[in-house]
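Working notes, structure below.
Numbering (our numbering), first residue to last: 933 to 1224.
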């Protein structure tokens, strides 16, 4: 009987340890966009991965490492602003960073209002009426960027409680999340300035390249030359915009990798892009080696 009771206690403790730590990101109510119903999380048969859609209230899930080194990264998954590829470009990234002592925050920023399956909606529109995607994304993007800026502010203001350094907060985004990353890069103030940026195959048609800010944070870009959405050119333009003003910037452009590779394994050099990020972060003094 005692052994059974002890087992129940252990299971309960384990479940508590696995409980999600969710932060509601402070935000102002949208006036230009209206959502119906709650957000949805499901496995997309179209994209063959776990996704989140119809986000109207921004949140962050906290992923804490066993031995935090002070560095933190806010992660903005991609999905055309219709969805979030929450596993490959979110939770899996966070878990990898945790192994290196980096605290991660997976951001669910506001998305285009969609129905039962946002992935099917963007897929169908891409095939029949691509211009419609841009029309639906345009009014939502400012709110998505505002969520990113608010996330940085929140982490900095609560750095002590979160166990992170307020001067080592990075922002990493994939595809549409990369567009949010650049929106953050172009619109920050002293309070919500990220300390480093990592746009991964950033959607630069949704957030066009601009002149680098005067005090632009260090930036590492990742993309593949064979990206079927043609995003390699935008990543090169971003790289050049930082270079022209003498800002710290790096670029990993893989010959092959396609689009949306995230943490997926394709038996290509692009599989190890996140290792290259970690090496860059150590070289720039942004984070510490896991062995230190």
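Ideal Cβ placement from N, Cα and C applies to all residues, glycine included.
The structure presented is a predicted model; accordingly, all values stated were derived computationally and were not measured.
| message | Determine whether the beta carbon atoms of residue 1106 and residue 1129 lie at a separation below 7 Å. | response | Within the chain shown, residue 1106 is the residue found at index 174, counting from 1. Within the chain shown, residue 1129 is the residue found at index 197, counting from 1. No. Outside cutoff.
| message | According to DSSP, is residue 976 part of a helix, a strand, or is it coil? | response | Mapped onto the chain shown, residue 976 falls at position 44. In this structure, DSSP gives residue 976 an extended state, which the three-state scheme calls strand.
| What are the uninterrupted segments assigned as alpha helix (DSSP H) that are 4 or more residues long and contained completely in the region 1152-1182, given in chain order? | Runs of the alpha helix (DSSP H) inside the region 1152-1182: 1164-1176.
| said: Here's the rule I'm using: 16 or more other beta-carbon atoms within 10 Å means buried, otherwise exposed. How should residue 1088 be labelled? | reply: The count along the chain shown starts at 1 and reaches residue 1088 at position 156. Label assigned to residue 1088: buried.
| Segment contact flag, the region 1170-1187 with the region 991-1004, C-beta cutoff 8 Å, min 3 pairs | Counting Cβ pairs under 8 Å, fewer than three are found: no touch.
| query | When we look at the beta-carbon of residue 1034 and count the other beta-carbons within 10 Å, is it buried (16 or more) or exposed? | reply | The residue labelled residue 1034 in the question sits at position 102 within the chain shown. So residue 1034 ends up on the buried side.
| message | Report the CB separation of residue 1073 from residue 1013 in whole angstroms; it is logged as a contact under 8 Å. | response | Within the chain shown, numbered from 1, the residue matching residue 1073 stands at position 141. Within the chain shown, numbered from 1, the residue matching residue 1013 stands at position 81. Right, the Cβ-Cβ distance comes to about 7 Å (below 8 Å), so this counts as a contact.
| query | residue 1113 to residue 1155, Cα distance in whole Å? | reply | Position 181 of the chain shown, counted from the start, is the residue given in the question as residue 1113. Position 223 of the chain shown, counted from the start, is the residue given in the question as residue 1155. Computed Cα separation, rounded: 15 Å.
| query | Do residue 1141 and residue 1122 have their C-beta atoms closer together than 7 Å? | reply | Mapped onto the chain shown, residue 1141 falls at position 209. Mapped onto the chain shown, residue 1122 falls at position 190. For the pair residue 1141 and residue 1122, the CB atoms are not nearer than the 7 Å cut-off.
| field | residue 1040 in three-state terms, based on DSSP | value | Along the chain shown, one-based indexing puts residue 1040 at 108. In the three-state scheme derived from DSSP, where H, G and I count as helix and E and B as strand, residue 1040 is classed as strand.
| query | What do you get for residue 1221, buried or exposed, if any count of 16 or more other CB atoms within 10 angstroms of its CB means buried? | reply | The count along the chain shown starts at 1 and reaches residue 1221 at position 289. Residue 1221 should be labelled exposed.
| Are residue 1212 and residue 1163 touching if we call contact CB-CB under 7 Å? | Along the chain shown, one-based indexing puts residue 1212 at 280. Along the chain shown, one-based indexing puts residue 1163 at 231. The Cβ atoms of residue 1212 and residue 1163 do not sit closer than 7 Å to each other.
| Cut-off 7 Å between Cβ atoms - residues of its own chain near residue 1099, not counting five sequence neighbours on either side | Mapped onto the chain shown, residue 1099 falls at position 167. Taking residue 1099 as the centre and dropping the five residues before and after it, the same chain places the C-beta of 1127 closer than 7 Å to its C-beta, in chain order.
| If you drop the 5 nearest sequence neighbours on each side, which residues of the same chain put their C-beta closer than 7 Å to that of residue 991? | Numbered from 1 along the chain shown, position 59 holds the residue referred to as residue 991. 954, 955, 956, 957 and 1040.
| query | Taking just the CA atoms, how far does residue 1080 sit from residue 1134? | reply | As a first step, residue 1134 must be located in the chain shown, where it is residue number 202. As a first step, residue 1080 must be located in the chain shown, where it is residue number 148. Counting only the Cα atoms, residue 1080 lies some 15 Å from residue 1134.
| field | Pair within 7 Å by beta-carbon distance, residue 1025 and residue 1007 | value | In the chain shown, the residue the question calls residue 1025 occupies position 93. In the chain shown, the residue the question calls residue 1007 occupies position 75. Here residue 1025 is near residue 1007, since their CB atoms are less than 7 Å apart.
| For the candidate residues 1202, 1171 and 1177, whose alpha-carbon lies nearest to that of residue 1158? | Looking up residue 1158 in the chain shown gives position 226. Comparing alpha-carbon positions, the option among 1202, 1171 and 1177 lying closest to residue 1158 turns out to be 1202.
| query | Quick one: what does DSSP say residue 1052 is sitting in, helix, strand or coil? | reply | Indexing the chain shown from 1 puts residue 1052 at position 120. Secondary structure at residue 1052: helix, using DSSP grouped into helix, strand and coil.
| Helix, strand or coil for residue 1201 per DSSP? | Taking the first residue of the chain shown as position 1, residue 1201 is located at position 269. If DSSP states are grouped into helix, strand and coil, residue 1201 belongs with the helices.
| Proximity of residue 1194 and residue 1020 at Cβ, strictly below 7 Å | Residue numbering aside, residue 1194 sits at position 262 when the chain shown is read from its first letter. Residue numbering aside, residue 1020 sits at position 88 when the chain shown is read from its first letter. In this structure, residue 1020 lies closer than 7 Å to residue 1194 by Cβ.
| request: Write down every uninterrupted run of the alpha helix (DSSP H) in the region 1074-1115 whose length is 4 residues or greater and which is fully enclosed by it, in chain order. | output: The alpha helix (DSSP H) runs lying completely inside the region 1074-1115 and spanning 4 residues or more are 1091-1094, given in chain order.
| Could you check where the beta strand (DSSP E) with residue 954 kicks off and where it finishes? | Locating residue 954 in the chain shown gives position 22, counting from the first residue. Its beta strand (DSSP E) spans residues 954-956.
| task | Would you please state the rounded distance, in angstroms, between the beta carbons of residue 1036 and residue 1004? I believe it to be under 8 Å. | result | The residue labelled residue 1036 in the question sits at position 104 within the chain shown. The residue labelled residue 1004 in the question sits at position 72 within the chain shown. That pair is a contact at about 7 Å.
| field | Beta-carbon contacts of residue 1208 that lie in its chain and below 7 Å, excluding the five residues immediately before and after | value | Position 276 of the chain shown, counting from 1, holds the residue named residue 1208. Here residue 1208 has 1184 as same chain residues with Cβ atoms under 7 Å from its own Cβ, once five neighbours each way along the sequence are excluded.
| request: Could you tell me the boundaries of the beta strand (DSSP E) in which residue 993 lies? | output: Walking along the chain shown from the start, residue 993 turns up at place 61. Taken as a continuous stretch (DSSP letters only), the beta strand (DSSP E) holding residue 993 covers 991-995.
| Which residue's Cα is closest to the Cα of residue 981: 1016, 1057, 961 and 1111? | Taking the first residue of the chain shown as position 1, residue 981 is located at position 49. Of 1016, 1057, 961 and 1111, the residue nearest in Cα terms is 1016.
| message | Considering just the uninterrupted stretch of the alpha helix (DSSP H) at residue 1069, what are its terminal residues? | response | Here the question's residue 1069 lines up with position 137 in the chain shown. Its alpha helix (DSSP H) spans residues 1062-1069.
| field | Selected residue, minimal CA-CA separation from residue 1071, among 1138, 1023 and 1056 | value | The residue labelled residue 1071 in the question sits at position 139 within the chain shown. Nearest option by C-alpha distance: 1138.
| field | CA nearest to the CA of residue 1076, picked from 1192, 1176, 979 and 1011 | value | In the chain shown, residue 1076 corresponds to position 144, counting from 1. Out of 1192, 1176, 979 and 1011, 1011 has the C-alpha closest to the C-alpha of residue 1076.
| query | Which residues share a DSSP beta bridge with residue 1131? | reply | Taking the first residue of the chain shown as 1, we reach residue 1131 at position 199. DSSP, once it has assigned bridges, lists 1105 as partnering residue 1131.
| query | Taking Cβ to Cβ, would you say residue 1053 is nearer than 7 Å to residue 1046? | reply | Here residue 1053 corresponds to residue number 121 of the chain shown, with the count starting at 1. Here residue 1046 corresponds to residue number 114 of the chain shown, with the count starting at 1. Taking the C-beta atoms as reference points, residue 1046 is found nearer than 7 Å to residue 1053.
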